[in-house]
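Residue numbers (my numbering): 258 to 406.
Contents: one structure, followed by commentary.
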Amino acid sequence: MQQLEVGAVLEGKVTGITKFGAFVELPGGKTGMVHISEVAPTYVKEIRDYVTENQTVKVKVLSIGDDGRVSLSIKKAMEQPRGTARRRPAVSPGRPGGFEWQSKSNESGSFEDMMSRFKQTSDEKMLDLKRSRDGKHGGFSRRGGGGGK
Numbered sequence: 258m259q260q261l262e263v264g265a266v267l268e269g270k271v272t273g274i275t276k277f278g279a280f281v282e283l284p285g286g287k288t289g290m291v292h293i294s295e296v297a298p299t300y301v302k303e304i305r306d307y308v309t310e311n312q313t314v315k316v317k318v319l320s321i322g323d324d325g326r327v328s329l330s331i332k333k334a335m336e337q338p339r340g341t342a343r344r345r346p347a348v349s350p351g352r353p354g355g356f357e358w359q360s361k362s363n364e365s366g367s368f369e370d371m372m373s374r375f376k377q378t379s380d381e382k383m384l385d386l387k388r389s390r391d392g393k394h395g396g397f398s399r400r401g402g403g404g405g406k
């Protein structure tokens, strides 16, 4: 049995699914929770699209609270690069040009996952473009003249 400590990658069984996460029973009988944001490397609207009850999943221990609550991540357990201790942080998705056109070598997923990520990024870029364009219309309508009373 592996030690339950922060950073450990373990296998567990999904025992329950809620709208905000999935509960996973770990070796030794301890239960932890995978928050919806830690289920997959893409936006997750419906957890049941990614995991099912009684499914065995690989999870990484993110934290163990003083109250004994165990926080887990499925996506961080998937992105374990071999032979490297640290990875360079990704560019934040909100920045222009933050989209990576070349896929990461350690990224695996179905066609639907790839299309979902592409659509989300595309939607963000279109929103940024629209904000930028709308900000320029009427931007010079205020007159910077006198300081009247």
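Every residue gets a Cβ at the ideal spot worked out from N, C-alpha and C, and that includes glycine.
In this text, all values refer to a predicted model and were calculated from it rather than measured experimentally.
{"Item": "Alpha carbons only, please: which of Q312, S379, R305 and I331 is nearest the one belonging to T275?", "Value": "R305"}
{"Item": "Would you mind sorting F277 into buried or exposed? The rule is 16 or more other CB atoms within 10 Å of its CB.", "Value": "exposed"}
{"Item": "Mind checking whether T411 and R374 have CB atoms under 8 Å apart?", "Value": "Outside the modelled stretch of the chain, which goes from 258 to 406, sits residue 411, for which no answer is possible."}
{"Item": "Would you mind sorting I384 into buried or exposed? The rule is 16 or more other CB atoms within 10 Å of its CB.", "Value": "Checking the sequence shown, residue 384 turns out to be Leu, not Ile. Under this definition L384 is an exposed residue."}
{"Item": "Just checking my contact of T313 with K382 at CB under 8 Å: how many whole Å lie between their CB atoms?", "Value": "In fact, because the Cβ distance is near 37 Å, the residues do not count as touching under 8 Å."}
{"Item": "With DSSP as the reference, identify every bridge partner of E282, one or two as the case may be.", "Value": "K270 and T288"}
{"Item": "Tell me which same chain residues have a C-beta within less than 7 Å of the C-beta of V291, skipping the five on either side of it?", "Value": "G278, A279, V281, V316, L329, S330 and I331"}
{"Item": "May I have the straight-line CA-CA distance separating G286 from L386, to the nearest angstrom?", "Value": "50 Å"}
{"Item": "In terms of alpha-carbon separation, which member of K333, G289 and V318 lies closest to V296?", "Value": "K333"}
{"Item": "Using 10 angstroms around the beta-carbon of V308, count the other beta-carbons present and answer buried if the total reaches 16, otherwise exposed.", "Value": "buried"}
{"Item": "If we ignore side chains and look at the alpha-carbon of each, how far apart do L261 and D323 end up?", "Value": "14 Å"}
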